Amino acid sequence: MSVRHSLLALLERGPMHGYGLKSEFEAATGQLWPLNDGQVYTTLTRLERDGLVEADTETDGQRSYRLTGAGHEELDDWFSRAVRRDLVPRQELAIKLIFAVRSPSADVHQVIQRQRAATMRSLQELTRLKGDGDAGGDLAWTLTLDSLLFQGEAEVRWLDLCEARLAGAGASGGPATPPKGHSARAGERVGEGGRR
66 MSVRHSLLAL LERGPMHGYG LKSEFEAATG QLWPLNDGQV YTTLTRLERD GLVEADTETD
126 GQRSYRLTGA GHEELDDWFS RAVRRDLVPR QELAIKLIFA VRSPSADVHQ VIQRQRAATM
186 RSLQELTRLK GDGDAGGDLA WTLTLDSLLF QGEAEVRWLD LCEARLAGAG ASGGPATPPK
246 GHSARAGERV GEGGRR
C-alpha cells in the first residue's frame, strides 16, 4: 500500500490538515487500512522534504498541506505506471504453509482447513457489505470490496490446490526437496559434478 501516493491523491483535491488526510484515507478505504497519526505525519514530512507538498502554518498552529507542481507530476507518474508483479510481497499465509510442510509437528491439513474457514467467513462478511446497497453508491468503496472478494476467492482456490498437492504427494509434512539442479537457496545452481 502506498501511503505516500495516497496522500498526494487526497491533496490533489485541495489543501488539508494531517488529521483530515488520515480521516479521508480511512473513509475512502472503508476503515480497512487504518493509518496511525505518526505514519501520516512522517509521510507528510518526507513529502515536504522531497518538494512534493508545501505546508502553511495557520494562526492556531495547525499545518495545512498542499500539492506542489512536483507533487502533481509524481502523482501523474504513479497513476500512469502499472503496479509491478515481480516485486513479490511477503505473504504470511504462504510463509506459514511453507514452514508447516517442513515441520515435524504441524498438521498441514488442519492449517489449511482453519485458514479456509477463516477466509470463507471473511468472504461472507464482504459479500454482506457489498449487498448493503453496493456501499451506498460509493464507487471507490465498491471497487475495494470487489478487490478483496477476488483476493479471498483466489486464496480459497489456492488452499484447495495446496490440499490437492499434499494429497497427491502423500505428504506427511516432511521437508520439501529443491528441484534437481538447484540448491536449497533459491536460484543457486549445482555444478555439473553435483557439488554444492
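For the sequence shown, my numbering puts the final residue at 261, and the numbers step up evenly by one.
Note that beta-carbon positions come from the ideal geometry of N, C-alpha and C, so glycine has one too.
Just so it is clear, the structure is predicted and the values come from calculations on it, not from any experiment.
Alpha carbons only, please: which of the options is nearest the one belonging to residue i?
i: L213; options: Q104, T94, S71 and E228; result: T94
i: V148; options: H70, L231, D211 and D225; result: H70
i: D225; options: D102, T209 and M185; result: M185
i: G116; options: T124, A135 and E123; result: A135
i: I163; options: K195, D121 and L231; result: L231
i: L194; options: R131, D211 and A120; result: D211
i: E139; options: V173, T107, E77 and N101; result: E77
i: W143; options: T108, L72 and G233; result: L72
i: Q175; options: E228, D197 and D125; result: E228
Is it buried or exposed, residue i, if we count other Cβ atoms within 10 angstroms and call 16 or more buried?
i: Y84; result: exposed
i: S237; result: Only weak support exists for where S237 lies, its pLDDT of 47 falling under 50; the value from the coordinates is given anyway. S237 comes out exposed.
i: W206; result: buried
i: T177; result: Looking at the sequence itself, residue 177 is Ile, so the reference to Thr does not match. Classification of I177: buried, given that the 10 Å Cβ count is 16 or more.
i: L97; result: exposed
i: G196; result: exposed
i: T192; result: exposed
i: L112; result: buried
i: G126; result: exposed
i: P217; result: In the sequence as displayed, the identity of residue 217 is Gly instead of Pro. So G217 counts as buried.
Whose C-beta lies closer than 8 Å to the C-beta of residue i among residues of the same chain, with five residues either side of it excluded?
i: V221; result: R181, T184, M185 and L188
i: E89; result: L75 and M81
i: G79; result: R131
Identify, in the order they occur along the chain, each residue of the same chain with its Cβ nearer than 7 Å to the Cβ of residue i, setting aside the five sequence neighbours on each side.
i: P99; result: E91
i: E123; result: S129
i: V118; result: L76, L109, L112, Y130, R131, L132, T133 and G136
i: V68; result: L100, Q104 and T108
For residue i, which residues in the same chain have their Cβ closer than 6 Å to its Cβ, ignoring the five residues on either side in sequence?
i: K87; result: L100 and V105
i: A165; result: A171, V173 and V176
Less than 6 Å between the CB of residue i and some heavy atom of the ligand ZN, yes or no?
i: Y106; result: The ligand ZN is not part of this structure, which contains no ligands at all.
Of all the CB atoms in chain D, is at least one closer than 7 Å to the CB of residue i?
i: R181; result: Chain labels in this structure do not include chain D; a single protein chain is all it has.
Quick one: grab the DSSP three-state call for residue i.
i: R250; result: Its pLDDT being 41, under 50, R250 is placed unreliably by the model, and the measurement read from it follows with that caveat. In the structure shown, R250 sits in coil (DSSP, three-state: anything other than H, G, I, E or B).
Handout entry: Start-end ranges of the alpha helix (DSSP H) lying completely within the region 118-152, minimum 4 residues
Key = 134-145
Problem - alpha helix (DSSP H) runs wholly inside the region 187-239, at least 4 long, in chain order - result: 198-201 and 204-234
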